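**Student:** All the letters of the sequence shown, read from the start, carry residue numbers 1 to 195 under the UniProt record's numbering. Please find one structure pasted underneath; my questions will follow.
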Amino acid sequence: MSDIRDARTDDAPASSAKDRPVRDEATDRLVDAKGGHVVGRSVTINKPAAELFAYFRDFSKLSSFMENVVRVDVRDGSRSHWVVKAPAGKTVEWDARITEERDGELIAWTSEDGADIDNSGRVEFRDAGARGTVVTATIAYDPPAGTIGKLVAKLFQREPAIQARRDLRRFKQLMETGEIATSSRTKAQLEEEKA
């Protein structure tokens with residue numbers, strides 16, 4: 001029996017389906033879209049959409065669960081400056097502008113000209129009834145140095161597809177429990193156990 005799924009019957013959200021066209025409804029909804037690589041991830045969080053939206057909308061709090069975000073400086077109601085970890089101990093920076101916002105439902109953005117990494121995206125908050133809220137992040141980006149840069153970022157665990165999954169999981173933990181689970185052992189303790 002074949003385990004290959006037809007893309008037309010794939011029930012995953014368009015932004016996260018494995019076999020999807022280059023342009024789809026998720027990327028078409030990005031206003032001022034920047035970036036040729038598209039990443040989409042979703043998670044269900046057992047909290048109301050309004051509460052999740054309010055936390056996420058305070059961009060200065062994003063570094064509390066986004067592992068690679070060093071900081072976000074809020075410039076005004078629609079503009080912010082991002083500093084993000086990159087491979088080999090470097091950082092990348094850009095200014096972002098909100099392109100669309102619906103209270104409790106979605107936030108969309110695009111990077112301004114001169115960004116180290118051109119990017120755009122949206123985070124949607126959709127009611128899931130008794131289960132809470134489905135949070136879907138769709139991000140389009142152009143990795144520095146093209147495909148080589150993407151491979152290097154993946155090697156150093158800094159690639160947006162990897163980070164989006166981790167960051168949404170961390171957001172879920174923080175919102176549902178008030179903390180993010182970490183290993184109870186340090187790197188030195190793990191090395192001792194291996195010896």
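Don't be surprised by glycine CBs; every beta carbon is placed ideally from N, CA and C. These numbers come from a predicted model, not from an experiment.
1) Please classify Gly-40: does DSSP put it in a helix, a strand, or coil?
2) Skipping 5 residues on each side, what residues in its chain have a beta carbon closer than 8 Å to that of Lys-194?
3) Check whether the segment 170 to 182 touches the segment 74 to 84, counting contact only when three or more Cβ pairs, one atom from each stretch, lie closer than 8 Å.
4) Just the C-alpha distance for Thr-182 and Val-69, rounded to the nearest angstrom, thanks.
5) Alpha carbons only, please: which of Gly-114, Gly-104, Arg-166 is nearest the one belonging to Ala-49?
6) Since Thr-128 and Trp-94 should fall inside the 8 Å C-beta cutoff, what is the C-beta to C-beta distance between them, to a whole number of angstroms?
7) How many Å lie between Thr-110 and Asn-119 at the Cα?
8) Would you report the Cα separation of Ser-80 and Val-92, rounded to the nearest angstrom?
9) Gly-89 by DSSP, collapsed to three states: which one?
10) Taking DSSP as the reference, what is the three-state secondary structure of Ser-78?
11) If I measure Cβ to Cβ from Lys-61 and keep anything under 8 Å in the same chain, skipping five residues before and after, which residues do I get?
12) I'd like to check one pair, Thr-44 with Arg-131: are the Cβ atoms closer than 7 Å?
13) Closer than 8 Å by C-beta to Ile-107: which residues in its own chain qualify, once you throw out the five before and the five after it? Chain order, please.
14) Are the CB atoms of Val-38 and Ala-140 within a distance shorter than 7 Å?
15) Output needed for Gly-178: all residues of its chain with C-beta closer than 7 Å, excluding positions within five of it in sequence on either side, in chain order.
16) Helix, strand or coil: how does DSSP classify Gly-129 here?
17) For a test of the three-state rule: what should DSSP assign to Asp-6, helix, strand or coil?
**Tutor:** Taking the definition as stated:
1) strand
2) none
3) no
4) 18 Å
5) Gly-104
6) According to the sequence displayed, residue 128 carries Ala and not Thr. That pair is no contact at about 32 Å.
7) 6 Å
8) 14 Å
9) helix
10) coil
11) Tyr-55
12) yes
13) Phe-53, Phe-56, Arg-57, Ile-98, Glu-100, Glu-101, Arg-122, Val-123
14) yes
15) none
16) helix
17) For Asp-6, the predicted model reports a pLDDT of 42, less than 50, meaning its position is unreliable; a value from the coordinates is still stated below. Looking at Asp-6 - three-state DSSP - the assignment turns out to be coil, as it is neither helix nor strand.
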